[in-house]
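*Asks:* Protein chains in written order, with the UniProt record's numbering: chain Y, 1 to 346; chain S, 1 to 217. Backbone N, C-alpha and C define an ideal beta-carbon position, used for all residues, glycine too.
Structure, rendered in structure tokens:
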């Protein structure tokens with residue numbers, strides 16, 4: 001063997017140097033068992049013999065050994081010298097390419113899933129309305145139909161119901177403000193939005209489930225639409241009774257306005273159901289939930305009539321309560337006196 | 001390449017042209033060179049853009065500057081200012097009627113997102129962030145109204161101050177709605193403008209209501 005410094009590929013004390021290179025003293029700091037870095041001694045590289053075949057053999061052997069060692073030390077292969085890309089470079093480039101490909105595939109899959117689920121175009125057909133149509137449907141929601149033996153048409157539209165729910169939220173906010181409702185858990189806005197949307201979505205789902213049990217012919221969107229337009233009556237009632245505080249006035253509105261919109265919804269549902277028991281179940285549930293919701297909205301966020309509060313507390317009212325009644329004092333006083341005057345003249 | 005075997009250039013057509021590759025224009029350099037400019041230039045450029053949009057909101061003409069290069073700096077500043085001024089103030093749990101900072105923030109951004117989605121679903125041609133930009137900038141008159149209300153309330157509560165505040169907030173609410181309608185309604189088909197204007201009306205109505213019913217503790 002020539003007296004050149006050769007090096008042994010492979011683990012120190014490990015597997016034999018199965019390459020054509022002669023075994024010699026270790027001059028390369030071969031990676032120890034699971035430790036150390038794969039450092040290549042550059043000076044010794046140049047000392048290899050001129051035979052390229054030996055070089056290739058050594059290269060392959062080195063790569064194989066490295067792959068086995070890389071399982072123990074992850075990432076040590078990344079600290080390569082940029083100069084000699086032949087051996088480490090090959091493995092590094094391969095790794096980089098694979099990682100790059102996986103990134104591309106992952107990105108493509110993610111963007112496809114996103115464009116499928118976040119596509120708002122699924123909802124587009126439900127918003128395809130004209131203002132005239134919306135106005136017509138709002139007025140129709142207060143008129144009960146007479147023909148219940150023939151399935152009535154329900155427009156599966158979501159614009160009107162959504163706007164009505166938001167209007168109800170705004171009216172509730174107004175009511176909560178003027179009644180000085182104290183919300184201990186949560187916020188005013190959160191409570192209002194939660195109540196209205198919870199009612200619309202929750203009761204719609206529940207009624208849809210009941211309709212499925214009772215074999216009624218109605219889809220989910222139609223149910224949402226029907227219940228949403230039924231909130232028009234609630235909006236009117238609450239708008240009036242949050243500002244004019246008479247219990248009797250509220251009960252009249254509750255019966256008349258709430259009753260009309262309930263009758264309409266009930267009639268439409270009845271026309272789409274077959275069988276007496278099923279009709280009774282569906283209509284009873286819907287009527288009860290609808291009317292009770294209006295009752296709840298009025299009494300949960302109801303302003304105590306001013307006269308009662310004044311007589312109870314008298315002159316000992318704490319100052320901050322007076323300040324907070326700034327707005328209702330003016331507007332409610334005016335409205336109440338007007339309503340009283342009208343009631344007296346009737 | 002069998003198909004190319006019979007391609008021949010006719011002798012009659014002279015081949016002419018320039019082989020030299022044109023030197024790349026300076027535009028890539030200009031884009032990168034903003035890294036080297038002083039920080040003051042960068043900030044002033046952005047501030048000027050934001051200021052120009054404020055002027056557009058104050059005098060709503062049908063210009064496309066607000067839409068073309070949208071930014072969300074103005075809406076953020078306005079939203080934070082409004083939320084700070086609307087804070088309930090007292091940590092007294094007995095009187096929890098005032099909106100907190102997070103509540104106002106969420107209302108403004110959530111409302112703007114809902115209006116944008118609605119206008120897109122109704123067939124609007126405006127993009128998501130452009131719409132957010134316009135709605136945010138049009139909150140400016142209401143922020144001014146909030147400032148005025150706070151000043152008026154410093155002078156004391158009462159019927160007169162309530163009437164002043166009502167007038168100011170009402171005027172600013174109308175201004176906000178008209179300004180944002182001027183920008184947003186153009187992107188809708190003409191017979192559906194009312195469907196887009198109503199949510200905007202409701203949105204600014206809720207904000208105006210919060211401003212009007214605000215009483216410092």
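I want to verify the contact list: residues of chain S whose CB lies under 8 Å from the CB of residue 123 of chain Y, in sequence order.
*Replies:* The contacting residues are 121.
*Asks:* Is residue 209 of chain S close to chain Y? Criterion is C-beta to C-beta, closer than 8 Å.
*Replies:* Interface residue, yes.
*Asks:* List, in chain order, every chain Y residue whose beta-carbon is nearer than 7 Å to that of residue 198 of chain S.
*Replies:* Neighbours of residue 198 of chain S on chain Y, chain order: 163.
*Asks:* Quick check on the burial criterion: 16 or more other C-beta atoms within 10 angstroms. Buried or exposed for residue 154 of chain Y?
*Replies:* Result: buried.
*Asks:* So, at 7 Å on beta carbons, what are the nonlocal neighbours of residue 137 of chain Y in its own chain, with the 5 sequence-adjacent residues on each side left out?
*Replies:* If we look at residue 137 of chain Y and ignore the five residues flanking it on each side, its Cβ neighbours are 155, 160, 229.
*Asks:* Less than 8 Å between the beta carbons of residue 142 of chain S and residue 180 of chain S, yes or no?
*Replies:* No, the pair does not count as a contact, with Cβ atoms beyond the cut-off.
*Asks:* With a threshold of 16 other CB atoms inside 10 Å of the CB of residue 212 of chain Y, please say whether the residue is buried or exposed.
*Replies:* Its Cβ having fewer than 16 others within 10 Å, residue 212 of chain Y is exposed.
*Asks:* Considering only C-alpha positions, which residue in the set S/197, S/81, S/105 is nearest to residue 140 of chain S?
*Replies:* Checking every option, the nearest Cα to that of residue 140 of chain S belongs to S/81.
*Asks:* Starting from residue 174 of chain Y, find everything on chain S with Cβ-Cβ shorter than 7 Å and list it in chain order.
*Replies:* The answer, in chain order, is 209.
*Asks:* So what's residue 150 of chain Y in DSSP terms, helix, strand or just coil?
*Replies:* If DSSP states are grouped into helix, strand and coil, residue 150 of chain Y belongs with coil.
*Asks:* Is it right to say residue 159 of chain S is buried, meaning 16 or more other beta carbons lie within 10 angstroms of its own, or is it exposed?
*Replies:* Classification of residue 159 of chain S: exposed, given that the 10 Å Cβ count is below 16.
*Asks:* Flag residue 194 of chain S as yes if its beta-carbon sits less than 8 Å from any beta-carbon of chain Y, otherwise no.
*Replies:* Judged by the 8 Å Cβ criterion, residue 194 of chain S is in contact with chain Y.
*Asks:* Counting only beta-carbon separations shorter than 8 Å, does residue 130 of chain Y have a partner in chain S?
*Replies:* With 8 Å as the cut-off, residue 130 of chain Y counts as an interface residue toward chain S.
*Asks:* Mind the definition here: the region 186-199 of chain S touches the region 158-172 of chain Y only if three or more C-beta pairs lie below 8 Å; say whether that holds.
*Replies:* Touching, yes.
*Asks:* Please list, in chain order, the chain S residues whose beta carbon lies closer than 8 Å to that of residue 167 of chain Y.
*Replies:* Near residue 167 of chain Y (Cβ distances below 8 Å), the residues of chain S are 202.
*Asks:* I'd like to know if residue 117 of chain S contacts chain Y, where contact means its C-beta is closer than 8 Å to some C-beta of that chain.
*Replies:* Answer yes: the Cβ-Cβ gap between residue 117 of chain S and chain Y drops below 8 Å somewhere.
*Asks:* Where in the UniProt domain "Yip1" (57-210) of chain S do unbroken runs of the alpha helix (DSSP H), each at least 4 residues long, occur, reported from the N-terminal end onward?
*Replies:* For the UniProt domain "Yip1" (57-210) of chain S, whole alpha helix (DSSP H) runs of length 4 or above, ordered along the chain, are 65-68, 73-85, 101-121, 128-137, 140-154, 159-184.
*Asks:* Just to make sure I have the definition right: I need the residues of chain Y whose C-beta is within less than 7 Å of the C-beta of residue 206 of chain S. Which are they?
*Replies:* Under the 7 Å cutoff, chain Y gives 170, 173.
*Asks:* Kindly say whether residue 120 of chain Y, judged by its beta-carbon, lies nearer than 8 Å to any beta-carbon of chain S.
*Replies:* Residue 120 of chain Y counts as touching chain S.
*Asks:* Run through DSSP, which three-state label would residue 261 of chain Y get?
*Replies:* Three-state DSSP puts residue 261 of chain Y in a helix.
*Asks:* Does the distance from the C-beta atom of residue 130 of chain Y to that of residue 192 of chain S stay below 8 Å?
*Replies:* Closer than 8 Å, so yes.
*Asks:* Under the rule that 16 or more other beta-carbon atoms within 10 Å means buried, what is residue 56 of chain S, buried or exposed?
*Replies:* Answer is buried; the Cβ neighbour count reaches 16.
*Asks:* Could you check how far apart the C-beta atoms of residue 130 of chain S and residue 209 of chain S are, in whole angstroms? I think they sit under 8 Å.
*Replies:* Not really, about 27 Å apart at Cβ, beyond 8 Å.
*Asks:* On the criterion of 16 or more Cβ atoms from any shown chain inside 10 Å, does residue 284 of chain Y qualify as buried, or is it exposed?
*Replies:* Counting Cβ neighbours within 10 Å, residue 284 of chain Y comes out exposed, since fewer than 16 surround it.
*Asks:* Verify the CB distance criterion: does residue 107 of chain S have a CB-CB separation below 8 Å to chain Y?
*Replies:* It does: the Cβ of residue 107 of chain S has a partner Cβ on chain Y nearer than 8 Å.
*Asks:* What residue range does the alpha helix (DSSP H) around residue 135 of chain Y cover?
*Replies:* Start and end: 131-140.
*Asks:* What are the boundary residues of the alpha helix (DSSP H) that includes residue 193 of chain Y?
*Replies:* That run of the alpha helix (DSSP H) goes 188-213.
*Asks:* Using only alpha-carbon positions, find the residue among Y/289, Y/172, Y/114 that is nearest to residue 202 of chain Y.
*Replies:* The residue with the shortest Cα to Cα distance from residue 202 of chain Y is Y/289.
*Asks:* Out of Y/236, Y/278, Y/271, state which residue places its alpha-carbon closest to the alpha-carbon of residue 210 of chain Y.
*Replies:* It is Y/278.
*Asks:* Since residue 199 of chain Y meets chain S, which of its residues come closer than 9 Å, beta carbon to beta carbon?
*Replies:* Going along chain S, no residue has its Cβ under 9 Å from residue 199 of chain Y, so there is no contact; the nearest lies around 18 Å.
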